[in-house]
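*Asks:*
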Amino acid sequence: MLPNPAKKYQILLIIFIFSFLFASCSKKLNNTTEDSLKNNNTQVINKEINIAEENNKYGYVNDNMEPSINKESGSNNRTFTGSNLKYNTKGIPVLMYHSIDYEKGNELRVPKEKFRQQMSLLKEKGYTTLTLNELYGFFINGNPIPEKSVVITFDDGYVDNYYNAYPILKEFHFNAVVFVITNNIDKVKNYLTSDQIIELDNNGVEIESHTVNHEKLSTLGYDKQFETLKNSKEFLENLLNKSIDYIAYPYGDWNKNTLLAVRNANYKMAFSTSGTWSDKSDGIYTLDRVYVSADFDINEFEIRLTNRNYK
59 MLPNPAKKYQ ILLIIFIFSF LFASCSKKLN NTTEDSLKNN NTQVINKEIN
109 IAEENNKYGY VNDNMEPSIN KESGSNNRTF TGSNLKYNTK GIPVLMYHSI
159 DYEKGNELRV PKEKFRQQMS LLKEKGYTTL TLNELYGFFI NGNPIPEKSV
209 VITFDDGYVD NYYNAYPILK EFHFNAVVFV ITNNIDKVKN YLTSDQIIEL
259 DNNGVEIESH TVNHEKLSTL GYDKQFETLK NSKEFLENLL NKSIDYIAYP
309 YGDWNKNTLL AVRNANYKMA FSTSGTWSDK SDGIYTLDRV YVSADFDINE
359 FEIRLTNRNY K
């Protein structure tokens, strides 16, 4: 049996050894945690740097690599029933017009009579004209829509959209969308006024954004892109007392900064001018549309309406 002083020394030695081992383990654990946090932060930073590449497919992606979309939107949409429905694995023609008026040699200006003929064909063939909220619900929430569905859009906000297109749309009870250049409102001849825009938006012709000054977005830095996207959105929201959720890019032009800016400006979908059907695989911020030229006869119009591979 050890003498009492020796026993005390042994106990103190054991305590010292355990204290040293605990401190070493704690330091190693802290270093490991710090390294892990650094690695995680690096991954997040790298993901933010490369986020625009992911947007080429989906629009904005979150940390789970899924579209960052509010799936509760569009809850007031029509519910379509029946057997002749399509689901979001398929595309849909989103028609793109500009002016509805005649001007010799200008393919952007579809004559009123030709526009009526095209709308009459849609009616005769049993097409349903969707709102953009319904299109959003189709792509993002998987809401079924009629097999023969179409979206009608107009770019820029020409006053003939009010005088020529609007009466025909009302006659056929069709929904449509006008993407307006906000700085032209009440300022530029042959463009829509505030009163006309309010009337259209209250009567089945949605008003959405086409930027402030029809800027070619890829020529601007991120800050300037965000500014025109945000300002046009806020202007229309104040005018119409509703949320502006959709935009068409002027000239169909965009780059990686555009995809970040449109997401940060809180748009839900964005459209280019690429000439083909709109499909979820396009990317929710780079959706295609079907260009309608004044030069098309009714047969060419129907081909583009019914054949997604018309090119």
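Residue 358 in the numbering used here is what sits at position 300 of the sequence shown, and the numbering runs on without skipping anything.
Beta carbons: idealized from backbone N, C-alpha and C, even for Gly.
These numbers come from a predicted model, not from an experiment.
For Pro151, count neighbouring Cβ atoms within 10 angstroms of its own Cβ and tell me buried if that reaches 16, exposed if not.
*Replies:* Buried.
*Asks:* Does DSSP put Glu257 in a helix, in a strand, or in coil?
*Replies:* In this structure, Glu257 counts as helix in the three-state DSSP scheme.
*Asks:* Excluding the five sequence neighbours on either side, which residues of its own chain have a C-beta within less than 6 Å of the C-beta of Phe237, listed in chain order?
*Replies:* Cβ within range, chain order: Asp213, Glu266, His268, Ala306.
*Asks:* Going by DSSP in three states, Gly140 sits in which element: helix, strand or coil?
*Replies:* Here Gly140 sits in coil by DSSP.
*Asks:* Should Thr8 go down as buried or exposed, given a rule of 16 or more other Cβ atoms within 10 Å for buried?
*Replies:* There is simply no residue 8 to check, as the chain begins at 59 and stops at 369 in what is shown.
*Asks:* Which word fits Gln283, buried or exposed, when buried means at least 16 other C-beta atoms lie within 10 angstroms of its C-beta?
*Replies:* So Gln283 counts as buried.
*Asks:* Which residues in the same chain have their Cβ closer than 6 Å to the Cβ of Thr364, if we skip the five residues on either side of it in sequence?
*Replies:* Excluding sequence neighbours, Thr364 sits near nothing in its chain.
*Asks:* Are the region 185-204 and the region 249-257 in contact at 8 Å, needing three or more beta carbon pairs?
*Replies:* No, because fewer than three Cβ pairs between the region 185-204 and the region 249-257 fall closer than 8 Å, the two stretches do not touch.
*Asks:* Would you tell me roughly how many angstroms separate the C-alpha atoms of Asp159 and Asp355, rounded to the nearest one?
*Replies:* Their backbone Cα atoms lie some 16 Å apart in a straight line.
*Asks:* Which residue comes first and which comes last in the alpha helix (DSSP H) that contains Tyr280?
*Replies:* That run of the alpha helix (DSSP H) goes 280-298.
*Asks:* Can you give me the C-alpha to C-alpha distance between Ser133 and Leu193, rounded to a whole angstrom?
*Replies:* Here Ser133 scores only 45 on pLDDT, less than 50, and its place in the model should not be relied on; the value that follows carries that caveat. Taking the straight line from one Cα to the other gives about 12 Å.
*Asks:* So the candidates are Gly341, Leu190, Phe359; which of them puts its Cα closest to the Cα of Val263?
*Replies:* Checking every option, the nearest Cα to that of Val263 belongs to Leu190.
*Asks:* Looking at C-alpha atoms only, which residue of Ser290, Lys338, Ala223 is the closest neighbour of Ile243?
*Replies:* The candidate whose alpha carbon is nearest that of Ile243 is Ser290.
*Asks:* Taking the alpha-carbon of Asp259 as reference, which of Thr331, Ile302, Lys338 has the nearest alpha-carbon?
*Replies:* Checking every option, the nearest Cα to that of Asp259 belongs to Ile302.
*Asks:* Is it buried or exposed for Asp353, if we count other Cβ within 10 angstroms and need 16 for buried?
*Replies:* Asp353 is exposed by the Cβ-count criterion.
*Asks:* According to DSSP, simplified to helix, strand and coil, what is Ser351?
*Replies:* In this structure, Ser351 counts as coil in the three-state DSSP scheme.
*Asks:* Between Leu166, Lys162, Asn146, which lies nearest to Tyr309 when the distance is taken from Cα to Cα?
*Replies:* Nearest option by C-alpha distance: Leu166.
*Asks:* Compare the C-alpha of Tyr280 against each of Thr316, Trp312, Asp311 and name the closest.
*Replies:* Comparing Cα-Cα distances from Tyr280 to each of Thr316, Trp312, Asp311, the minimum goes to Thr316.
*Asks:* Tell me whether Asp213 sits in a helix, a strand or coil according to DSSP, three-state version.
*Replies:* Strand.
*Asks:* What three-state label does DSSP hand Val168 in the structure shown?
*Replies:* It is coil, neither helix nor strand.
*Asks:* Run through the DSSP bridge pairs and tell me what Ser339 is partnered with.
*Replies:* Its beta-bridge partners do not exist; DSSP assigns none.
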